[in-house]
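What follows is a single structure, written as C-alpha coordinates, with notes after it.
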Amino acid sequence: MSIPLLQKVRVGAYIMRQHMSGNKRYPLALMLEPLFRCNLACNGCGKIDYPDPILNQRLSLQECLEAVDECNAPVVSIAGGEPLLHKEMPQIVKGIMARKKFVYLCTNALLMEKKMDDYEPNPYFVWSVHLDGDKQAHDHSVSQDGVYDKAVAAIKEAKRRGFRVNINCTLFNDAVPERVAAFFDTLGPMGVDGITVSPGYAYERAPDQQHFLNRDKTKHLFREIFKRGNNGKNWSFSQSSMFLDFLAGNQTYECTPWGNPARTVFGWQKPCYLVGEGYVKTFKELMETTDWDKYGTGNYEKCADCMVHCGFEATAVMDTVTHPLKALKVAVRGPKTSGAFTKDIPLDKQRPAEYVFSRHVEIKLEEIKVSGKGKKVQTATAAT
-17 MSIPLLQKVR
-7 VGAYIMRQHM
3 SGNKRYPLAL
13 MLEPLFRCNL
23 ACNGCGKIDY
33 PDPILNQRLS
43 LQECLEAVDE
53 CNAPVVSIAG
63 GEPLLHKEMP
73 QIVKGIMARK
83 KFVYLCTNAL
93 LMEKKMDDYE
103 PNPYFVWSVH
113 LDGDKQAHDH
123 SVSQDGVYDK
133 AVAAIKEAKR
143 RGFRVNINCT
153 LFNDAVPERV
163 AAFFDTLGPM
173 GVDGITVSPG
183 YAYERAPDQQ
193 HFLNRDKTKH
203 LFREIFKRGN
213 NGKNWSFSQS
223 SMFLDFLAGN
233 QTYECTPWGN
243 PARTVFGWQK
253 PCYLVGEGYV
263 KTFKELMETT
273 DWDKYGTGNY
283 EKCADCMVHC
293 GFEATAVMDT
303 VTHPLKALKV
313 AVRGPKTSGA
323 FTKDIPLDKQ
333 RPAEYVFSRH
343 VEIKLEEIKV
353 SGKGKKVQTA
363 TAAT
(Lines of atoms letter the chains of each structure in order from A and count residues from 1; the text may use other names and numbers.)
(Lines give C-alpha, C1' and ligand atoms only; values in the text may rest on other atoms or scores of the structure.)
Protein backbone atom coordinates (compact mmCIF):
# COMPACT_ATOMS: atom_id res chain seq x y z
CA MET A 1 0.00 0.00 0.00
CA SER A 2 1.71 3.21 -1.20
CA ILE A 3 0.47 5.70 1.38
CA PRO A 4 3.19 7.93 2.92
CA LEU A 5 4.03 7.46 6.59
CA LEU A 6 2.92 11.00 7.50
CA GLN A 7 -0.51 10.35 6.04
CA LYS A 8 -0.79 6.95 7.73
CA VAL A 9 0.07 8.48 11.09
CA ARG A 10 -2.24 11.49 10.86
CA VAL A 11 -5.20 9.58 9.41
CA GLY A 12 -4.60 6.72 11.84
CA ALA A 13 -4.59 9.12 14.79
CA TYR A 14 -7.83 10.69 13.53
CA ILE A 15 -9.48 7.26 13.28
CA MET A 16 -8.33 6.25 16.75
CA ARG A 17 -9.70 9.51 18.23
CA GLN A 18 -13.06 8.82 16.64
CA HIS A 19 -12.94 5.19 17.71
CA MET A 20 -12.05 6.02 21.31
CA SER A 21 -14.77 8.67 21.54
CA GLY A 22 -17.39 6.13 20.45
CA ASN A 23 -18.26 8.02 17.27
CA LYS A 24 -19.53 5.43 14.79
CA ARG A 25 -20.24 7.77 11.88
CA TYR A 26 -17.45 10.04 10.74
CA PRO A 27 -15.89 11.01 7.39
CA LEU A 28 -12.50 9.84 6.17
CA ALA A 29 -12.32 11.86 2.94
CA LEU A 30 -14.30 14.85 1.76
CA MET A 31 -15.27 14.63 -1.91
CA LEU A 32 -15.19 18.28 -2.95
CA GLU A 33 -16.71 19.11 -6.34
CA PRO A 34 -16.37 22.86 -6.84
CA LEU A 35 -17.63 22.65 -10.44
CA PHE A 36 -19.17 20.22 -12.94
CA ARG A 37 -17.72 21.84 -16.07
CA CYS A 38 -15.24 19.58 -17.87
CA ASN A 39 -13.08 19.66 -21.00
CA LEU A 40 -13.76 15.98 -21.79
CA ALA A 41 -16.89 13.86 -22.20
CA CYS A 42 -15.97 10.40 -20.89
CA ASN A 43 -18.15 7.43 -21.79
CA GLY A 44 -18.81 6.32 -18.22
CA CYS A 45 -19.17 9.72 -16.56
CA GLY A 46 -22.47 10.75 -15.02
CA LYS A 47 -21.19 13.93 -13.40
CA ILE A 48 -21.39 16.50 -16.18
CA ASP A 49 -24.81 16.04 -17.82
CA TYR A 50 -26.20 19.41 -16.78
CA PRO A 51 -27.46 22.51 -18.60
CA ASP A 52 -24.99 25.37 -19.04
CA PRO A 53 -26.27 27.54 -16.17
CA ILE A 54 -25.37 24.71 -13.76
CA LEU A 55 -22.10 23.87 -15.51
CA ASN A 56 -21.18 27.54 -15.13
CA GLN A 57 -21.55 27.44 -11.34
CA ARG A 58 -18.50 27.41 -9.07
CA LEU A 59 -18.00 26.94 -5.35
CA SER A 60 -15.97 29.92 -4.19
CA LEU A 61 -12.72 29.70 -2.26
CA GLN A 62 -14.63 30.57 0.91
CA GLU A 63 -17.31 27.93 0.27
CA CYS A 64 -14.67 25.25 -0.34
CA LEU A 65 -12.77 26.03 2.85
CA GLU A 66 -15.99 26.22 4.85
CA ALA A 67 -16.85 22.72 3.59
CA VAL A 68 -13.42 21.45 4.65
CA ASP A 69 -13.87 22.96 8.11
CA GLU A 70 -17.43 21.66 8.49
CA CYS A 71 -16.53 18.12 7.52
CA ASN A 72 -13.08 18.07 9.16
CA ALA A 73 -12.05 14.88 7.35
CA PRO A 74 -8.26 14.36 7.21
CA VAL A 75 -8.29 13.88 3.42
CA VAL A 76 -9.88 16.06 0.72
CA SER A 77 -10.33 14.76 -2.82
CA ILE A 78 -11.06 17.59 -5.25
CA ALA A 79 -13.01 16.29 -8.23
CA GLY A 80 -15.48 17.60 -10.79
CA GLY A 81 -15.77 18.26 -13.68
CA GLU A 82 -12.18 19.28 -14.27
CA PRO A 83 -10.87 21.09 -11.17
CA LEU A 84 -8.08 22.84 -13.09
CA LEU A 85 -10.75 24.91 -14.90
CA HIS A 86 -11.50 26.62 -11.59
CA LYS A 87 -9.67 29.96 -11.36
CA GLU A 88 -9.29 29.80 -7.58
CA MET A 89 -8.01 26.23 -7.47
CA PRO A 90 -4.42 27.12 -6.41
CA GLN A 91 -5.81 29.14 -3.48
CA ILE A 92 -8.25 26.35 -2.60
CA VAL A 93 -5.43 23.80 -2.48
CA LYS A 94 -3.21 26.08 -0.39
CA GLY A 95 -6.04 26.80 2.03
CA ILE A 96 -6.73 23.11 2.55
CA MET A 97 -3.06 22.24 3.04
CA ALA A 98 -2.75 25.07 5.57
CA ARG A 99 -5.28 23.11 7.62
CA LYS A 100 -2.98 20.05 7.51
CA LYS A 101 -5.40 18.10 5.31
CA PHE A 102 -4.12 15.81 2.56
CA VAL A 103 -5.26 17.07 -0.85
CA TYR A 104 -5.79 14.80 -3.85
CA LEU A 105 -6.27 17.07 -6.85
CA CYS A 106 -8.04 15.01 -9.50
CA THR A 107 -7.42 15.90 -13.15
CA ASN A 108 -7.66 14.46 -16.64
CA ALA A 109 -4.23 16.11 -17.14
CA LEU A 110 -5.12 18.10 -20.26
CA LEU A 111 -4.29 21.33 -18.40
CA MET A 112 -1.87 19.85 -15.88
CA GLU A 113 1.43 20.91 -17.45
CA LYS A 114 0.05 24.39 -18.21
CA LYS A 115 -1.14 24.87 -14.62
CA MET A 116 1.73 23.11 -12.82
CA ASP A 117 3.57 26.34 -11.98
CA ASP A 118 0.61 27.28 -9.76
CA TYR A 119 1.44 24.43 -7.36
CA GLU A 120 4.46 23.30 -5.36
CA PRO A 121 5.48 19.85 -4.09
CA ASN A 122 4.21 19.36 -0.56
CA PRO A 123 3.75 16.33 1.74
CA TYR A 124 0.04 17.21 1.86
CA PHE A 125 -0.45 17.41 -1.91
CA VAL A 126 -1.00 14.67 -4.53
CA TRP A 127 -1.84 14.93 -8.20
CA SER A 128 -4.50 12.28 -8.94
CA VAL A 129 -4.46 11.69 -12.70
CA HIS A 130 -7.33 9.95 -14.45
CA LEU A 131 -5.87 7.04 -16.43
CA ASP A 132 -8.12 4.09 -17.28
CA GLY A 133 -5.60 1.89 -19.03
CA ASP A 134 -3.10 1.85 -21.86
CA LYS A 135 -3.22 4.32 -24.75
CA GLN A 136 -5.97 2.53 -26.67
CA ALA A 137 -8.11 1.83 -23.61
CA HIS A 138 -7.81 5.28 -22.06
CA ASP A 139 -8.38 7.28 -25.23
CA HIS A 140 -11.48 5.17 -25.88
CA SER A 141 -12.69 5.72 -22.30
CA VAL A 142 -12.43 9.51 -22.58
CA SER A 143 -13.70 9.63 -26.19
CA GLN A 144 -10.70 11.58 -27.46
CA ASP A 145 -7.43 10.56 -29.09
CA GLY A 146 -4.14 11.73 -27.63
CA VAL A 147 -5.28 12.16 -24.02
CA TYR A 148 -3.21 9.22 -22.76
CA ASP A 149 -0.02 10.71 -24.21
CA LYS A 150 -0.76 14.10 -22.61
CA ALA A 151 -1.45 12.46 -19.26
CA VAL A 152 1.78 10.45 -19.34
CA ALA A 153 3.80 13.54 -20.30
CA ALA A 154 2.22 15.50 -17.44
CA ILE A 155 2.93 12.68 -14.96
CA LYS A 156 6.59 12.56 -15.98
CA GLU A 157 6.94 16.34 -15.73
CA ALA A 158 5.29 16.36 -12.30
CA LYS A 159 7.67 13.67 -11.08
CA ARG A 160 10.62 15.63 -12.50
CA ARG A 161 9.52 18.58 -10.37
CA GLY A 162 9.22 16.46 -7.23
CA PHE A 163 5.45 16.08 -6.95
CA ARG A 164 3.70 13.01 -5.63
CA VAL A 165 1.48 11.52 -8.37
CA ASN A 166 -1.22 8.86 -8.20
CA ILE A 167 -3.45 7.56 -10.95
CA ASN A 168 -7.18 6.99 -10.67
CA CYS A 169 -8.23 4.00 -12.79
CA THR A 170 -11.85 3.02 -13.46
CA LEU A 171 -12.59 -0.35 -15.04
CA PHE A 172 -15.61 -1.51 -17.02
CA ASN A 173 -16.85 -4.86 -18.34
CA ASP A 174 -14.73 -4.60 -21.49
CA ALA A 175 -11.51 -4.57 -19.43
CA VAL A 176 -9.10 -7.37 -20.37
CA PRO A 177 -7.18 -8.66 -17.31
CA GLU A 178 -3.95 -9.23 -19.25
CA ARG A 179 -4.01 -5.68 -20.61
CA VAL A 180 -4.87 -4.12 -17.25
CA ALA A 181 -2.03 -6.03 -15.58
CA ALA A 182 0.38 -4.99 -18.34
CA PHE A 183 -0.78 -1.38 -17.91
CA PHE A 184 -0.17 -1.53 -14.15
CA ASP A 185 3.33 -2.85 -14.91
CA THR A 186 4.11 0.39 -16.80
CA LEU A 187 3.18 2.70 -13.93
CA GLY A 188 6.16 2.08 -11.64
CA PRO A 189 8.73 2.85 -14.36
CA MET A 190 6.64 5.91 -15.27
CA GLY A 191 7.13 7.22 -11.73
CA VAL A 192 3.55 6.82 -10.49
CA ASP A 193 3.47 6.63 -6.70
CA GLY A 194 0.13 4.94 -6.20
CA ILE A 195 -2.85 3.38 -7.98
CA THR A 196 -6.48 3.93 -7.03
CA VAL A 197 -8.64 1.41 -8.88
CA SER A 198 -12.37 0.72 -8.84
CA PRO A 199 -15.14 -0.71 -10.98
CA GLY A 200 -17.17 2.01 -12.66
CA TYR A 201 -20.41 3.05 -10.99
CA ALA A 202 -23.52 2.77 -13.18
CA TYR A 203 -24.45 6.45 -13.35
CA GLU A 204 -27.96 6.85 -14.72
CA ARG A 205 -26.78 9.85 -16.81
CA ALA A 206 -23.63 8.26 -18.25
CA PRO A 207 -23.53 8.24 -22.09
CA ASP A 208 -22.51 4.56 -22.22
CA GLN A 209 -24.87 2.33 -20.22
CA GLN A 210 -23.69 -0.96 -21.74
CA HIS A 211 -20.30 -1.47 -20.08
CA PHE A 212 -20.84 -1.23 -16.34
CA LEU A 213 -19.80 -4.23 -14.25
CA ASN A 214 -22.12 -6.22 -12.01
CA ARG A 215 -20.81 -7.58 -8.71
CA ASP A 216 -20.01 -11.07 -9.95
CA LYS A 217 -18.10 -9.80 -12.99
CA THR A 218 -16.23 -7.31 -10.81
CA LYS A 219 -14.96 -10.08 -8.52
CA HIS A 220 -13.89 -12.30 -11.42
CA LEU A 221 -12.16 -9.38 -13.17
CA PHE A 222 -10.13 -8.31 -10.15
CA ARG A 223 -9.09 -11.86 -9.31
CA GLU A 224 -7.81 -12.31 -12.85
CA ILE A 225 -5.93 -9.00 -12.66
CA PHE A 226 -4.40 -9.61 -9.23
CA LYS A 227 -3.20 -13.13 -10.05
CA ARG A 228 -1.15 -11.63 -12.90
CA GLY A 229 0.70 -9.40 -10.42
CA ASN A 230 1.67 -11.75 -7.59
CA ASN A 231 -1.75 -11.36 -5.94
CA GLY A 232 -1.54 -7.64 -6.62
CA LYS A 233 1.67 -7.22 -4.62
CA ASN A 234 3.66 -6.24 -7.72
CA TRP A 235 1.83 -2.90 -7.82
CA SER A 236 1.61 0.06 -5.43
CA PHE A 237 -2.04 0.65 -4.59
CA SER A 238 -3.15 3.72 -2.68
CA GLN A 239 -5.89 1.68 -1.06
CA SER A 240 -6.25 -0.64 1.90
CA SER A 241 -5.47 -4.33 1.46
CA MET A 242 -8.90 -5.18 2.81
CA PHE A 243 -10.63 -3.12 0.11
CA LEU A 244 -8.64 -4.90 -2.60
CA ASP A 245 -9.59 -8.22 -1.01
CA PHE A 246 -13.22 -7.07 -1.13
CA LEU A 247 -12.92 -6.34 -4.86
CA ALA A 248 -11.71 -9.91 -5.34
CA GLY A 249 -14.80 -11.30 -3.62
CA ASN A 250 -13.21 -12.30 -0.33
CA GLN A 251 -14.98 -9.89 2.03
CA THR A 252 -18.67 -9.12 2.49
CA TYR A 253 -19.02 -5.42 3.21
CA GLU A 254 -21.86 -2.97 3.56
CA CYS A 255 -21.01 0.48 2.26
CA THR A 256 -20.20 3.44 4.49
CA PRO A 257 -21.75 6.38 2.61
CA TRP A 258 -20.79 8.97 5.24
CA GLY A 259 -17.13 7.93 4.91
CA ASN A 260 -16.74 10.03 1.74
CA PRO A 261 -19.35 12.81 1.89
CA ALA A 262 -19.75 15.05 -1.14
CA ARG A 263 -20.05 18.84 -1.30
CA THR A 264 -21.08 20.10 -4.73
CA VAL A 265 -22.53 23.27 -6.25
CA PHE A 266 -25.95 21.87 -5.25
CA GLY A 267 -24.97 21.58 -1.57
CA TRP A 268 -24.14 18.55 0.60
CA GLN A 269 -25.27 15.54 -1.42
CA LYS A 270 -27.50 12.81 0.03
CA PRO A 271 -26.60 10.03 0.58
CA CYS A 272 -23.14 9.74 -1.02
CA TYR A 273 -20.71 10.85 -3.69
CA LEU A 274 -22.25 8.59 -6.35
CA VAL A 275 -25.98 8.79 -5.64
CA GLY A 276 -27.61 12.23 -5.56
CA GLU A 277 -31.06 11.85 -4.02
CA GLY A 278 -31.19 15.20 -2.25
CA TYR A 279 -29.15 18.18 -1.04
CA VAL A 280 -28.82 20.05 2.24
CA LYS A 281 -27.03 23.22 3.31
CA THR A 282 -24.71 21.88 6.03
CA PHE A 283 -22.63 18.81 6.80
CA LYS A 284 -24.38 18.53 10.17
CA GLU A 285 -27.73 18.38 8.41
CA LEU A 286 -26.40 15.71 6.04
CA MET A 287 -25.29 13.51 8.92
CA GLU A 288 -28.39 14.02 11.05
CA THR A 289 -31.21 13.96 8.48
CA THR A 290 -30.12 11.29 5.98
CA ASP A 291 -31.97 8.00 6.41
CA TRP A 292 -28.86 5.88 5.93
CA ASP A 293 -30.76 2.58 6.20
CA LYS A 294 -32.56 3.34 2.94
CA TYR A 295 -29.32 3.08 0.95
CA GLY A 296 -26.57 0.60 0.19
CA THR A 297 -26.36 -2.84 -1.39
CA GLY A 298 -29.43 -4.85 -0.47
CA ASN A 299 -31.41 -1.74 0.45
CA TYR A 300 -31.64 0.24 -2.78
CA GLU A 301 -31.63 -0.78 -6.43
CA LYS A 302 -29.18 1.95 -7.48
CA CYS A 303 -26.63 0.51 -5.03
CA ALA A 304 -26.97 -3.13 -6.10
CA ASP A 305 -23.77 -3.47 -8.14
CA CYS A 306 -21.68 -0.74 -6.51
CA MET A 307 -18.24 -1.79 -5.24
CA VAL A 308 -16.57 1.63 -5.59
CA HIS A 309 -13.87 2.75 -3.17
CA CYS A 310 -15.75 5.89 -2.08
CA GLY A 311 -18.42 3.65 -0.57
CA PHE A 312 -16.40 0.69 0.66
CA GLU A 313 -12.88 1.90 1.47
CA ALA A 314 -14.11 3.37 4.74
CA THR A 315 -15.73 0.04 5.60
CA ALA A 316 -12.47 -1.75 4.83
CA VAL A 317 -10.54 0.68 7.03
CA MET A 318 -12.95 0.08 9.91
CA ASP A 319 -12.51 -3.67 9.43
CA THR A 320 -8.74 -3.17 9.57
CA VAL A 321 -9.01 -1.27 12.85
CA THR A 322 -11.34 -3.87 14.34
CA HIS A 323 -9.48 -6.94 13.05
CA PRO A 324 -5.80 -5.95 12.69
CA LEU A 325 -4.47 -9.52 12.54
CA LYS A 326 -6.84 -10.45 9.73
CA ALA A 327 -5.83 -7.29 7.87
CA LEU A 328 -2.13 -8.04 8.38
CA LYS A 329 -2.58 -11.51 6.92
CA VAL A 330 -4.30 -10.09 3.84
CA ALA A 331 -1.61 -7.42 3.46
CA VAL A 332 1.12 -10.06 3.53
CA ARG A 333 -0.43 -12.53 1.09
CA GLY A 334 -2.40 -10.09 -1.06
CA PRO A 335 -6.00 -10.60 -2.21
CA LYS A 336 -7.01 -14.24 -2.56
CA THR A 337 -7.46 -15.14 -6.23
CA SER A 338 -8.93 -18.66 -6.00
CA GLY A 339 -11.66 -20.49 -4.14
CA ALA A 340 -15.28 -19.60 -3.54
CA PHE A 341 -16.42 -16.00 -3.15
CA THR A 342 -17.79 -14.99 0.23
CA LYS A 343 -21.56 -14.91 0.48
CA ASP A 344 -22.87 -11.61 -0.86
CA ILE A 345 -25.64 -9.40 0.48
CA PRO A 346 -29.06 -10.56 -0.82
CA LEU A 347 -30.91 -8.15 -3.10
CA ASP A 348 -34.44 -9.54 -2.79
CA LYS A 349 -35.62 -6.86 -0.34
CA GLN A 350 -34.10 -3.78 -1.99
CA ARG A 351 -36.45 -0.92 -2.80
CA PRO A 352 -36.78 0.20 -6.43
CA ALA A 353 -34.75 3.09 -7.80
CA GLU A 354 -36.15 6.59 -7.69
CA TYR A 355 -35.21 8.93 -10.53
CA VAL A 356 -34.98 12.45 -9.16
CA PHE A 357 -32.25 14.00 -11.33
CA SER A 358 -34.59 16.19 -13.39
CA ARG A 359 -36.32 17.55 -10.29
CA HIS A 360 -33.03 18.62 -8.71
CA VAL A 361 -31.93 20.26 -11.96
CA GLU A 362 -35.18 22.23 -12.14
CA ILE A 363 -34.78 23.37 -8.52
CA LYS A 364 -31.20 24.50 -9.13
CA LEU A 365 -32.06 26.32 -12.35
CA GLU A 366 -34.82 28.22 -10.56
CA GLU A 367 -32.39 29.07 -7.75
CA ILE A 368 -29.86 30.40 -10.28
CA LYS A 369 -32.57 32.40 -12.04
CA VAL A 370 -33.79 33.99 -8.81
CA SER A 371 -30.29 34.82 -7.60
CA GLY A 372 -29.22 36.16 -10.98
CA LYS A 373 -25.92 34.27 -10.79
CA GLY A 374 -26.10 32.42 -14.08
CA LYS A 375 -25.08 35.25 -16.41
CA LYS A 376 -22.35 36.56 -14.12
CA VAL A 377 -20.74 33.14 -13.65
CA GLN A 378 -21.05 32.37 -17.34
CA THR A 379 -19.01 35.49 -18.13
CA ALA A 380 -16.32 34.39 -15.70
CA THR A 381 -16.28 30.95 -17.27
CA ALA A 382 -15.88 32.34 -20.77
CA ALA A 383 -12.71 34.08 -19.64
CA THR A 384 -11.21 30.86 -18.27
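Quick note on numbering: our numbering labels position 14 of the sequence shown as -4, and the sequence is numbered without any gaps.
Backbone N, C-alpha and C fix where the C-beta goes; we use that ideal spot for every residue, glycine too.
Residue i burial status per 10 Å Cβ neighbour count (16 or more: buried)
| i | result |
| --- | --- |
| Ala309 | buried |
| Ala364 | Note that Ala364 scores a pLDDT of 34, beneath 50, so its modelled location is shaky and nothing firm can be said. |
| Glu371 | Since the displayed the chain opens at -17 and closes at 366, residue 371 lies outside it and no answer follows. |
| Asn90 | buried |
| Gly182 | buried |
| Glu64 | buried |
Coil, strand or helix - residue i by DSSP
| i | result |
| --- | --- |
| Met289 | coil |
| Ala157 | coil |
| Arg333 | strand |
| Phe107 | strand |
| Tyr(-4) | helix |
| Trp217 | coil |
| Phe248 | coil |
| Ala119 | helix |
| Val(-9) | helix |
| Pro56 | coil |
| Tyr282 | strand |
| Leu14 | strand |
| Phe204 | helix |
| Pro9 | coil |
| Pro171 | helix |
| Pro306 | helix |
| Asp31 | coil |
| Ile(-15) | coil |
Among the options, the one whose alpha carbon lies nearest that of residue i
| i | options | result |
| --- | --- | --- |
| Lys331 | Leu92, Arg(-1), Val50, Thr279 | Thr279 |
| Val314 | Gly214, Met172, Asn148, Asn90 | Gly214 |
| Tyr367 | Thr302, Pro72, Ala(-5) | Because residue 367 is not part of the residues shown, which for the chain are -17 to 366, the question remains open. |
| Leu329 | Trp240, Cys288, Leu(-12) | Cys288 |
| Gly4 | Met300, Ala322, Arg341 | Met300 |
| Glu45 | Arg197, Cys20, Pro171, Trp250 | Trp250 |
| Leu229 | Asn196, Asn212, Asn216, Val257 | Asn196 |
| Leu41 | Val262, Leu14, Pro181, Ile345 | Leu14 |
| Glu348 | Asn21, Ile36, Thr264 | Ile36 |
| Phe208 | Thr297, Gln39, Tyr106, Asp227 | Asp227 |
| Val257 | Glu267, Pro239, Met269 | Pro239 |
Cross-strand partners of residue i (DSSP beta bridge)
| i | result |
| --- | --- |
| Cys237 | The partner list for Cys237 (beta bridge, DSSP) is empty, contrary to what the question assumes. |
| Asn150 | His112, Thr178 |
| Thr89 | Val111 |
| Met71 | Partner(s): none; Met71 has no beta bridge. |
| Phe84 | Val57 |
| Pro253 | Gly258 |
Short CB-CB distance (under 8 angstroms) between residue i and chain C
| i | result |
| --- | --- |
| Ser180 | This model lacks chain C altogether, as it is built from one protein chain only. |
Limits of the alpha helix (DSSP H) - the one that residue i falls within
| i | result |
| --- | --- |
| Glu259 | Not the alpha helix (DSSP H): Glu259 falls in the beta strand (DSSP E), residues 258 to 262. |
| Asp227 | 223 to 229 |
| Phe265 | 265 to 271 |
Check: residue i C-beta below 7 angstroms from any heavy atom of the ligand FMN
| i | result |
| --- | --- |
| Asp99 | Absence of the ligand FMN is noted for the structure shown, with no ligands found whatsoever. |
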